[in-house]
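Numbering (the numbering used here), first residue to last: 78 to 493. We put the CB at the ideal spot given by N, CA and C, even for glycine.
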């Protein structure tokens with residue numbers, strides 16, 4: 078016999094016989110059971126529905142298999158010399174079964190329970206959809222944190238909507254709470270350090286910006302920021318002075334006033350909210366001796382002290398684990414004298430990093446214990462002097478003296 082060559086690789090199959098109407102349904106059923114018991118022994122029938130159409134005298138078989146077959150011939154399926162027609166199931170098992178069982182023109186018999194198969198298929202489909210969804214979210218998360226850093230939470234939400242466009246509406250609705258949780262947990266950008274305390278930063282005019290020590294400091298910062306913008310490596314700036322005189326607050330206020338982005342790293346070297354687009358890294362109140370006990374910490378510290386952050390890889394958080402920095406930044410180190418003195422730690426003969434720090438050529442600014450901000454009493458006095466400064470018919474000498482008292486001698490120019 079010449080074999081009828083064909084290749085069938087789908088699990089849900091419909092088989093139509095046009096010349097087997099006389100074969101009893103029980104015999105059809107026995108034929109298929111025997112076929113898979115003795116010939117296709119590596120596969121199993123999960124569900125079998127055989128229906129005879131009394132009108133057009135055809136017999137249709139719905140064959141649901143355990144796994145994909147690899148039928149290369151239909152010879153084993155021939156009954157009474159009738160070569161059957163194979164097709165993949167169109168639609169669902171449920172709709173096919175309903176059409177057969179609710180039509181009086183059909184006489185039918187089955188093997189197994191379709192409801193069990195349908196439930197299993199639904200469970201399998203649900204698992205596959207769940208796996209597809211989580212893979213999609215994981216890929217989207219990679220884009221959000223590492224590829225498109227301008228992507229917002231709303232953009233991510235829109236992308237998730239795209240995933241469900243061709244899915245039944247119920248698939249998205251039953252996941253609404255989960256989607257909200259995913260967006261909040263994986264697609265929410267924390268405020269960057271330079272924005273984090275924006276509302277709490279003091280007004281620039283509340284500081285004594287005419288103090289020579291602040292004038293020189295501000296000039297050094299602006300010069301080194303220009304170096305950063307030119308793509309060059311700046312020199313670190315170190316501020317050392319008494320506690321609670323306003324060192325950190327003044328720096329934050331000055332940078333905000335000049336619209337310079339910065340990172341504030343207080344205490345431990347943590348990069349949770351690190352903004353790689355900033356121009357400045359501020360290290361405030363760090364424990365330098367703790368760095369010596371932490372190999373990773375001292376390497377981070379040395380790179381920051383040396384304004385050599387470019388290509389440094391830091392741990393951010395569990396949602397955006399690793400970040401490779403894209404540029405060098407000006408490092409401003411703020412500390413108190415005594416045991417927390419950066420100067421004493423850096424240039425201690427026992428410090429193994431002393432030579433490296435010397436090569437960084439840090440710019441040091443030492444402050445006395447004088448408050449850098451204008452106290453309430455000083456501001457009130459200044460306002461009082463200003464309000465009473467100019468009175469009608471005052472002589473020239475009095476006006477000159479009051480101007481000097483308000484603004485300082487170096488800021489007053491007498492023009493005849």
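Whole-Å CB distance - residue i paired with residue j, under 8 Å assumed
i	j	result
residue 188	residue 106	6 Å
residue 430	residue 314	Between residue 314 and residue 430 the Cβ distance is about 18 Å, and since that is not below 8 Å, they are no contact.
residue 62	residue 406	The structure shown does not extend to residue 62, since the chain is modelled only from 78 to 493, so the question has no answer here.
residue 177	residue 94	Residue 177 to residue 94, Cβ: 15 Å. No contact.
residue 409	residue 359	5 Å
residue 97	residue 180	About 19 Å; that fails the 8 Å criterion.
Burial state of residue i (16 or more Cβ within 10 Å)
i	result
residue 231	exposed
residue 170	buried
residue 386	buried
residue 341	buried
residue 114	exposed
residue 89	buried
residue 116	exposed
residue 87	exposed
residue 254	exposed
residue 154	buried
residue 292	exposed
residue 138	buried
residue 221	buried
residue 380	buried
residue 217	buried
residue 399	exposed
residue 289	exposed
Under 9 Å between C-beta atoms of residue i and residue j
i	j	result
residue 66	residue 118	This structure gives no information on residue 66, because the portion of the chain shown stretches from 78 to 493.
residue 448	residue 322	yes
residue 361	residue 411	yes
residue 346	residue 339	no
residue 440	residue 301	yes
residue 330	residue 281	yes
residue 83	residue 148	yes
residue 110	residue 127	no
residue 299	residue 444	no
residue 437	residue 382	yes
residue 388	residue 305	no
residue 456	residue 283	yes
residue 125	residue 151	no
residue 320	residue 413	yes
residue 206	residue 244	yes
Separation of residue j from residue i, as counted between CA atoms
i	j	result
residue 390	residue 297	28 Å
residue 285	residue 451	6 Å
residue 172	residue 134	22 Å
residue 420	residue 241	59 Å
residue 163	residue 192	24 Å
residue 112	residue 136	18 Å
residue 392	residue 351	10 Å
residue 264	residue 237	11 Å
residue 402	residue 85	55 Å
residue 249	residue 131	44 Å
residue 211	residue 363	41 Å
residue 354	residue 226	11 Å
residue 344	residue 312	22 Å
residue 175	residue 208	30 Å
residue 247	residue 259	18 Å
residue 273	residue 266	Its pLDDT being 49, under 50, residue 273 is placed unreliably in this model, and the value from its coordinates should be taken loosely. Cα-Cα distance, rounded: 12 Å.
residue 521	residue 99	The question about residue 521 has no answer, for the chain in this structure spans 78 to 493.
residue 478	residue 453	23 Å
residue 424	residue 458	43 Å
residue 318	residue 251	59 Å
residue 295	residue 213	49 Å
residue 310	residue 377	16 Å
residue 190	residue 261	43 Å
residue 334	residue 239	43 Å
Those residues which DSSP pairs with residue i across a bridge
i	result
residue 129	136, 184
residue 164	91
residue 124	141
residue 391	400
residue 111	Bridge partners of residue 111: none, in fact.
residue 317	412, 443
residue 340	358
residue 39	An answer regarding residue 39 cannot be provided, because it is not within the stretch 78 to 493 covered by the chain.
residue 116	Note: residue 116 sits in no beta bridge, so no partner.
residue 159	156
residue 450	284
residue 407	357
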